[in-house]
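Below you'll find the structure, written out as structure tokens, and then a few comments.
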Amino acid sequence: MKWYFASRTKHRFKIIEISQFLANVGETVTSDWVYKEISQPYEKNTNEVEALSDEVVGSILETDIFVLISDPEGTDMFIELGVSLAKKAFLKKIKIYIVGRYSRRSIMQNHPSTVHVDNVKEIFDKEGINSKDFIVPNFW
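Counting in our numbering, the sequence shown runs from 1 upward without gaps.
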């Protein structure tokens with residue numbers, strides 16, 4: 001299966017850790033944004049940001065499992081959620097999980113296609129991924 005993780009950039013190293021675990025059990029993670037240094041402010045780095053945003057949309061459209069790590073702040077993760085919901089609406093071939101205590105702070109997080117869980121381990125359990133030997137990072 002192909003996975004995509006959306007979160008605040010402050011969580012990128014935890015996403016990398018999860019990505020490495022998933023790769024070790026034969027899964028693919030398409031959220032390559034975690035490996036890139038993103039130059040800010042975005043409006044002064046438009047070429048770089050345009051290319052990355054195009055890559056992100058393509059990655060989400062290729063994925064089977066979309067995971068949003070909720071947070072009390074952030075904006076791009078909601079756009080990523082919107083792309084995954086559009087894929088669900090048109091292609092029906094994506095599972096959408098929202099993790100954590102801030103999982104219902106926007107209208108779109110409450111879309112009927114979303115599955116709310118407390119932590120990433122719950123997703124692994126639902127997807128049949130044996131994670132007993134992996135310490136799943138905590139985001140809060």
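The beta-carbon is built from N, C-alpha and C at its ideal position, and this holds for glycine as well.
(Q) For E55 and M1, I'd like the C-alpha separation in whole angstroms. (A) Taking the straight line joining both Cα atoms gives about 19 Å.
Q | Element boundaries [alpha helix (DSSP H), containing I16] | A | Where I16 is concerned, the enclosing alpha helix (DSSP H) stretches over 12 to 24.
**Q.** Enclosing alpha helix (DSSP H) for V99 [first to last residue]
**A.** From DSSP, V99 is part of no alpha helix (DSSP H) but of the beta strand (DSSP E) over 95 to 99.
Q. What span of residues does the alpha helix (DSSP H) with T46 cover, start to end?
A. T46: member of the alpha helix (DSSP H) spanning 46 to 62, first to last residue.
**Q.** Buried/exposed call for E80, threshold 16 Cβ in 10 Å
**A.** For E80, the number of other beta carbons within 10 angstroms of its own is at least 16, and it is reported as buried.
Q.
Check this for me: beta carbons of W3 and T30, under 8 Å apart or not?
A. Remark: C-beta atoms of W3 and T30 approach each other more closely than 8 Å.
(Q) Tell me whether the region 122 to 139 and the region 83 to 90 touch, counting them as touching only if at least three CB pairs, one residue from each stretch, are closer than 8 Å. (A) No: the two stretches stay apart, fewer than three of their Cβ pairs being nearer than 8 Å.
Q: Would you please state the rounded distance, in angstroms, between the beta carbons of F66 and I94? I believe it to be under 8 Å.
A: Taking the Cβ atoms as the reference, F66 lies roughly 6 Å from I94, within the contact range of under 8 Å.
Q) For the candidate residues V117, I107, Y97, S113, whose alpha-carbon lies nearest to that of A89? A) Of all alpha-carbon atoms in V117, I107, Y97, S113, the one lying nearest the alpha-carbon of A89 is that of S113.
Q) Short check: CB of Y25 to CB of I69, under 8 Å? A) Per the sequence presented here, residue 25 reads as Val, with Tyr not at that position. Taking 8 Å as the Cβ cut-off, V25 and I69 do not qualify as a contacting pair.
Q. DSSP on T75, reduced to helix/strand/coil?
A. Three-state result, T75: coil.
Q | Length of the line joining the Cα atoms of P41 and L91 | A | Taking the straight line from one Cα to the other gives about 34 Å.
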